[in-house]
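Enquirer: Quick one: structure below, then a few questions.
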Amino acid sequence: MGLTSFTFLVFVLVTLVGYFIVPKKIKWLVLLVSSLYFLFYDNLTFDIVGYVLIILLVAYIFALLIDKYKNETKKAKILVVLSVLIILGVLIFLKYTNFIGITIKHIGNIFGFSYKFQKVYRNVPIGISYFSLIMISYVVDVYRGLCKPQKNILKCALFMSYFPILTSGPFIRYKDMNELYEPHKFDYDRMCRGLIRIAWGVFKILVISERLAIFVNFVYANYLTYNGFYIALAAIFFLLQLYTNFSGSIDIIMGISKIIGIDLPENFNGPFFSRSVTELWRRWHITLGAWLKDYVFYPLQKSGFIQEIGRFTKKIFGKKISKKIMLYLAMLIMWILIGAWHNGAYTFIIGSGILQFIYIFLEDMLTPIAKKINSKLGIDSETFGYKLYQRIRTFLLFALAMIFFSAPSVGKALDIIRNMFVWNPWILFDNKSLYLCGLDLYDFRVLGLAIIVLFVVDYYKYIGKDVTSWLFKQNIVFRWIIIYSLLFAIIIFGCYGVGYNPANFIYRQF
Amino acid sequence: MKKEEIYERLNNVFRDVFDDDSITVNENTTSNDIEDWDSLEHINLVVAVEQEFGMKFNMGEVTTMKNVGEMVDIIMERKNN
Chain L
1 MGLTSFTFLV FVLVTLVGYF IVPKKIKWLV LLVSSLYFLF YDNLTFDIVG
51 YVLIILLVAY IFALLIDKYK NETKKAKILV VLSVLIILGV LIFLKYTNFI
101 GITIKHIGNI FGFSYKFQKV YRNVPIGISY FSLIMISYVV DVYRGLCKPQ
151 KNILKCALFM SYFPILTSGP FIRYKDMNEL YEPHKFDYDR MCRGLIRIAW
201 GVFKILVISE RLAIFVNFVY ANYLTYNGFY IALAAIFFLL QLYTNFSGSI
251 DIIMGISKII GIDLPENFNG PFFSRSVTEL WRRWHITLGA WLKDYVFYPL
301 QKSGFIQEIG RFTKKIFGKK ISKKIMLYLA MLIMWILIGA WHNGAYTFII
351 GSGILQFIYI FLEDMLTPIA KKINSKLGID SETFGYKLYQ RIRTFLLFAL
401 AMIFFSAPSV GKALDIIRNM FVWNPWILFD NKSLYLCGLD LYDFRVLGLA
451 IIVLFVVDYY KYIGKDVTSW LFKQNIVFRW IIIYSLLFAI IIFGCYGVGY
501 NPANFIYRQF
Chain F
1 MKKEEIYERL NNVFRDVFDD DSITVNENTT SNDIEDWDSL EHINLVVAVE
51 QEFGMKFNMG EVTTMKNVGE MVDIIMERKN N
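As you go down the protein sequences, you meet chains L and F in turn. With the working numbering, letter number 300 in the first sequence gets 300, and the count goes up by one each step, no holes. With the working numbering, letter number 3 in the second sequence gets 3, and the count goes up by one each step, no holes.
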């Protein structure tokens with residue numbers, strides 16, 4: 001069920017009407033029924049139900065047990081480790097069998113033993129990458145004493161399967177989700193705000209993302225002919241496509257949840273205004289970063305293993321360098337995991353993992369040098385021009401990494417990058433070459449305008465202002481002009497295509 | 001252990017970890033007040049505090065501590081019980 005499909009619209013309407021007309025006590029049950037319907041809509045098979053049940057039961061039972069043994073630290077620790085291993089085991093079994101098999105095969109080839117591996121195709125529940133990690137955080141938070149376990153298994157199931165977050169997050173924490181079980185009354189103001197957020201998300205997806213996808217898909221499918229600046233432009237377009245698709249989905253999801261009365265955590269905060277890749281990752285997929293920080297990075301950094309390495313390297317290199325070694329080691333492991341979380345494929349491990357690590361590492365190493373050079377040459381790094389340079393640099397570095405994200409294999413990605421180094425800038429200006437890739441002048445104009453609007457709205461978010469609240473403070477006539485403009489823009493400029501079939505949400509496969 | 005003593009020793013730890021002798025912390029100090037105190041440095045700080053006071057924070061505390069005041073409360077609780 002795609003987020004911009006008619007089926008989804010009907011599904012959401014039925015859910016909302018159902019939620020607001022039933023008695024207070026069973027409102028959360030409506031959400032549960034809808035969520036389970038959504039979860040199993042595309043694929044209702046015994047194995048899928050089985051995987052979902054295993055994760056639910058393990059998290060539910062172990063959380064209760066951990067709470068029971070909270071004063072016996074050892075027992076609680078064994079229980080939490082065991083539950084995390086089982087949930088991770090299901091996730092690895094479903095998503096990483098092929099990756100692990102192929103990796104072992106490659107390693108085997110290098111060392112001269114042959115290992116025969118056939119790819120396996122399993123039914124995978126939608127949203128498993130989200131709800132498995134969400135349930136791990138639930139069990140771990142109970143262990144850490146940050147929340148009490150949920151005694152009602154159906155309520156536990158609702159937390160795990162809350163339908164808005166199944167397609168593309170955000171990651172939620174049980175301790176922040178009391179609102180799930182509260183009976184929310186219908187609220188007109190909240191509905192308006194939710195609807196605007198949904199419309200904004202649909203605008204991003206249908207007007208910008210789907211349109212960019214046409215160009216990107218065409219160039220990447222014909223990168224030998226359409227090389228040089230075509231590929232550079234496609235790489236930039238792909239990053240914008242990915243962002244508008246992903247953040248647009250999040251807008252739709254948050255809007256729906258807002259109408260129900262449940263505020264979800266923000267996942268993006270003007271990422272393209274970041275002045276470094278380090279900053280970008282604080283503004284991009286924020287809840288994934290926060291999850292990894294709390295459940296992987298901090299525990300890893302504080303672990304005996306890393307601390308031991310710290311003690312060892314301190315003797316040899318001194319305190320400062322040993323601190324850096326510990327930090328980078330933990331970071332490298334975390335970035336590989338971020339890449340792998342996106343998908344069990346080397347393209348992701350490189351594009352959204354190792355390359356990002358290298359960027360952040362280089363930034364950390366080079367910033368002091370850049371500061372020295374700037375102060376010697378008298379360059380002010382706080383001027384508009386310098387900030388713009390930093391922002392464009394960050395954007396382009398990220399776009400380059402995302403070529404791996406979009407390519408079917410590492411070899412292909414490298415091929416695409418190689419073909420980018422052809423000097424043909426005239427294709428940008430000769431008034432015909434660009435229009436050979438599926439978009440005409442009209443499309444480019446629509447894109448240009450829409451992207452300007454996107455950047456303006458994002459800038460407001462970046463400086464900490466809420467555009468919806470701003471809109472609601474405006475004069476009623478002006479407010480409705482803006483709202484109608486947005487709706488008409490979606491209807492008139494949306495990319496529906498012939499026999500419209502929305503492109504798969506890029507983030508949905510994770 | 002008295003609060004004043006803890007703050008005094010904490011100042012030294014903070015100054016050492018963030019290489020800045022001008023740092024003076026109080027109960028309301030948060031990571032926003034100290035430029036280098038970000039998620040990358042947080043554990044270095046926590047481990048340095050643990051070593052200074054000969055105690056351990058648990059992971060729940062590490063991830064939820066909001067300001068130095070909370071950190072001091074935990075240190076007092078561990079050291080005085």
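Even glycine gets a Cβ: it sits at the ideal position worked out from N, Cα and C. Being a predicted model, the structure only gives us computed values, none of them experimental.
So that I know if they touch, is there some Cβ in chain L lying closer than 8 Å to that of F:Thr30?
Expert: The residue given as residue 30 of chain F occupies position 30 in the second sequence. Taking Cβ atoms only, chain L never reaches closer than 8 Å to F:Thr30, which makes this a no.
Enquirer: Closer than 8 Å by beta-carbon distance: list the chain L residues that pair up with F:Leu40, in chain order.
Expert: Indexing the second sequence from 1 puts residue 40 of chain F at position 40. By Cβ distance, chain L contributes Leu327, Met331.
Enquirer: If contact is defined by three or more beta carbon pairs under 8 Å, each pair taking one atom from either stretch, is the segment 273-286 of chain L in contact with the segment 22-33 of chain F?
Expert: Too few Cβ pairs lie closer than 8 Å, so no.
Enquirer: Would you mind reading off the limits of the alpha helix (DSSP H) that contains L:Lys320?
Expert: Looking up residue 320 of chain L in the first sequence gives position 320. First-last of the alpha helix (DSSP H) with L:Lys320: 319-342.
Enquirer: Rounded to the nearest angstrom, what separates L:Phe38 and L:Gly18 at their Cα positions?
Expert: Position 38 of the first sequence, counted from the start, is the residue given in the question as residue 38 of chain L. Position 18 of the first sequence, counted from the start, is the residue given in the question as residue 18 of chain L. Their backbone Cα atoms lie some 15 Å apart in a straight line.
Enquirer: Cα-Cα, which of L:Gly261, L:Ile260, L:Leu242 is closest to L:Phe268?
Expert: Locating residue 268 of chain L in the first sequence gives position 268, where the first residue counts as 1. For the residues L:Gly261, L:Ile260, L:Leu242, the minimum Cα distance to L:Phe268 belongs to L:Leu242.
Enquirer: Determine, for L:Leu397, whether the minimum Cβ-Cβ distance to residues of chain F falls below 8 Å.
Expert: Locating residue 397 of chain L in the first sequence gives position 397, counting from the first residue. Chain F, which has no Cβ nearer than 8 Å to the Cβ of L:Leu397, makes this no.
Enquirer: Using only CA atoms, which one of L:Ile198, L:Phe238, L:Lys204, L:Val207 lies nearest to L:Phe215?
Expert: One-based indexing of the first sequence puts residue 215 of chain L at position 215. Per the Cα distances, L:Phe238.
Enquirer: Check whether chain F comes within 8 Å of L:Lys371, counting only Cβ atoms and requiring the distance to be less than that.
Expert: Within the first sequence, the letter at position 371 stands for residue 371 of chain L. By this cut-off, L:Lys371 is not an interface position.
Enquirer: CA-CA distance, F:Met1 and F:Met71?
Expert: The residue given as residue 1 of chain F occupies position 1 in the second sequence. The residue given as residue 71 of chain F occupies position 71 in the second sequence. Their backbone Cα atoms lie some 14 Å apart in a straight line.
Enquirer: Residues in its own chain within less than 8 Å of L:Ile48 by CB, not counting five upstream and five downstream?
Expert: Residue numbering aside, residue 48 of chain L sits at position 48 when the first sequence is read from its first letter. Cβ neighbours of L:Ile48 beyond the five flanking positions: Phe40, Asn123, Val124, Pro125.
Enquirer: Do L:Phe395 and L:Phe348 have their beta-carbon atoms positioned less than 8 Å apart in this structure?
Expert: Numbered from its first residue, the first sequence carries residue 348 of chain L at position 348. Numbered from its first residue, the first sequence carries residue 395 of chain L at position 395. Contact flag unset, no.
Enquirer: Within the continuous alpha helix (DSSP H) that includes F:Glu35, where are the two ends?
Expert: The residue you call residue 35 of chain F lines up with position 35 of the second sequence. Careful: F:Glu35 lies outside any alpha helix (DSSP H) and carries neither H nor E.
Enquirer: According to a CB-to-CB cut-off of less than 9 Å, which residues of the segment 185-218 of chain L neighbour chain F?
Expert: So the list is empty, because no residue satisfies the distance condition.
Enquirer: To the nearest angstrom, how far is the alpha carbon of L:Trp470 from that of L:Pro425?
Expert: The sequence position of residue 470 of chain L within the first sequence is 470, counting from 1. The sequence position of residue 425 of chain L within the first sequence is 425, counting from 1. Computed Cα separation, rounded: 41 Å.
Enquirer: Please state whether DSSP places L:Cys495 in a helix, a strand or coil.
Expert: On the first sequence, position 495 is the one that residue 495 of chain L refers to. If DSSP states are grouped into helix, strand and coil, L:Cys495 belongs with coil.
Enquirer: For chain F, is any of its Cβ atoms less than 8 Å away from the one on L:Gly145?
Expert: Taking the first sequence and counting its residues from 1, the one referred to as residue 145 of chain L is at position 145. At least one chain F Cβ lies under 8 Å of L:Gly145.
Enquirer: Please indicate yes or no: does the CB of L:Ile379 lie closer than 7 Å to some heavy atom of the ligand NAD?
Expert: As for the ligand NAD, it is missing from this structure, which has no ligand bound.
Enquirer: Run through chain L and tell me which residues come within less than 7 Å of F:Asn44, C-beta to C-beta.
Expert: Position 44 of the second sequence, counted from the first residue, corresponds to residue 44 of chain F. Those are Lys323, listed as they occur along chain L.
Enquirer: Check whether the segment 181-192 of chain L and the segment 162-170 of chain L are in contact - that is, three or more C-beta pairs closer than 8 Å.
Expert: At 8 Å Cβ cutoff, the stretches do not touch.
Enquirer: Going along the chain, which residues of its own chain have a beta-carbon closer than 8 Å to the beta-carbon of L:Leu36, five neighbours each way excluded?
Expert: Taking the first sequence and counting its residues from 1, the one referred to as residue 36 of chain L is at position 36. The residues are Ala157, Ser161.
Enquirer: Which runs of the alpha helix (DSSP H) at least 4 residues long sit entirely within the segment 240-272 of chain L? Give them in chain order.
Expert: The qualifying runs do not exist here; there are none.
Enquirer: Please name the residue in L:Val52, L:Lys77, L:Gly50 whose C-alpha comes closest to that of L:Ala63.
Expert: Within the first sequence, residue 63 of chain L is the residue found at index 63, counting from 1. For L:Ala63, the nearest C-alpha among the options comes from L:Lys77.
Enquirer: Using the Cα positions of F:His42 and L:Tyr220, report the straight-line distance between them to the nearest angstrom.
Expert: Numbered from its first residue, the second sequence carries residue 42 of chain F at position 42. Numbered from its first residue, the first sequence carries residue 220 of chain L at position 220. Each residue's Cα considered, the two are about 42 Å apart.
Enquirer: Within its chain, find whatever has a CB closer than 8 Å to the CB of L:Phe455; leave out the 5 residues flanking it on each side and keep chain order.
Expert: Along the first sequence, read from residue 1 onward, the residue named residue 455 of chain L stands at position 455. Closer than 8 Å at the Cβ level, and outside the excluded window around L:Phe455, lie Phe272.
Enquirer: Taking a Cβ distance cut-off of 8 Å, strictly less, list which residues of the segment 280-298 of chain L are near chain F, in chain order.
Expert: Result list: Lys293, Asp294, Phe297, Tyr298.
Enquirer: Spatial neighbours of L:Phe493 within its chain, please: CB distance less than 6 Å, with the 5 preceding and 5 following residues excluded, ordered by chain position.
Expert: As a working note, residue 493 of chain L is residue 493 in the first sequence. Cβ neighbours of L:Phe493 beyond the five flanking positions: Val207, Val446.
Enquirer: Report the option in L:Ile354, L:Trp284, L:Ser114, L:Asp42 whose CA atom is closest to the CA atom of L:Val410.
Expert: Position 410 of the first sequence, counted from the start, is the residue given in the question as residue 410 of chain L. Taking only the C-alpha atoms, the option nearest L:Val410 is L:Ile354.
Enquirer: I'd like to know whether the C-beta of F:Thr64 is nearer than 8 Å to at least one C-beta of chain L.
Expert: Position 64 of the second sequence holds residue 64 of chain F. Yes, F:Thr64 counts as interfacial toward chain L.
Enquirer: Can you check which of these residues, L:Leu154, L:Leu3, L:Val120, L:Gln118, is closest to L:Ala59 by C-alpha distance?
Expert: Against the first sequence, residue 59 of chain L aligns to sequence position 59. Minimum Cα distance to L:Ala59 is reached at L:Leu154.
Enquirer: Just the C-alpha distance for L:Leu224 and L:Asn419, rounded to the nearest angstrom, thanks.
Expert: Locating residue 224 of chain L in the first sequence gives position 224, counting from the first residue. Locating residue 419 of chain L in the first sequence gives position 419, counting from the first residue. Cα-Cα distance, rounded: 7 Å.
Enquirer: Using a 10 Å radius around the Cβ and a threshold of 16 neighbouring Cβ atoms, would you call L:Gly112 buried or exposed?
Expert: What you label residue 112 of chain L is simply residue 112 of the first sequence in a count that begins at 1. Counting Cβ neighbours within 10 Å, L:Gly112 comes out exposed, since fewer than 16 surround it.
Enquirer: Which one of F:Asn81, F:Asp19, F:Glu61 has the shortest CA to CA distance from F:Trp37?
Expert: Counting from 1 along the second sequence, the entry for residue 37 of chain F is found at position 37. Comparing Cα-Cα distances from F:Trp37 to each of F:Asn81, F:Asp19, F:Glu61, the minimum goes to F:Asp19.
Enquirer: Just to confirm the assignment, what range does the alpha helix (DSSP H) spanning L:Arg211 have?
Expert: Within the first sequence, residue 211 of chain L is the residue found at index 211, counting from 1. Note, L:Arg211: alpha helix (DSSP H), 210-221.
Enquirer: Tell me, to the nearest whole angstrom, how far the beta carbon of L:Phe229 is from that of L:Leu428; I am working on the premise that it is less than 8 Å.
Expert: In the first sequence, counting from the first residue as 1, residue 229 of chain L sits at position 229. In the first sequence, counting from the first residue as 1, residue 428 of chain L sits at position 428. Right, the Cβ-Cβ distance comes to about 6 Å (below 8 Å), so this counts as a contact.
Enquirer: Rounded to the nearest angstrom, what separates L:Lys512 and L:Arg283 at their Cα positions?
Expert: As displayed, chain L neither begins before 1 nor continues past 510, which places residue 512 of chain L out of reach and without an answer.
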